[in-house]
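In my numbering, the protein residues as written are -17 to 48.
Here is the structure we will look at, set down as structure tokens.
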Amino acid sequence: MPSSACGCTPSRSLPHMLLREADDVKSRFLASMSHELRTPLNAILNFTRFVSSGMLGPINAEQPTR
């Protein structure tokens, strides 16, 4: 009797379901982590732009080596 007739799921669908669930968990994790990382990284990147563009004053000889 085919597996669909008895209401059973084929054995290959369980790994497929587990992969989809793992992918969903990964997507939710990356969405929350990208927000948590993006906020401080934006501050660092913008501050770096300000410093390198001279908006915060000239860079002296010591600053690039720090």
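Each residue gets a CB set at the ideal place from its N, CA and C atoms; glycine is no exception.
No experiment lies behind these values; they were computed from the predicted model shown.
Alpha carbon to alpha carbon, how far is residue i from residue j?
i, j, result
"R31", "F11", "29 Å"
"A43", "T21", "30 Å"
If contacts are defined as beta-carbon pairs under 8 Å, then residue i and residue j qualify, I think. What distance do you get, rounded to the angstrom?
i, j, result
"V33", "I41", "7 Å"
Helix, strand or coil for residue i? Go by DSSP, reduced to three states.
i, result
"P40", "coil"
With a CB to CB cut of under 6 Å and the five nearest residues on each side skipped, what residues in its chain are close to residue i?
i, result
"L38", "F32"
Which same chain residues end up closer than 7 Å to residue i when comparing Cβ atoms and leaving out the 5 residues on each side of it in sequence?
i, result
"V7", "none"
"M(-1)", "none"
"H17", "none"
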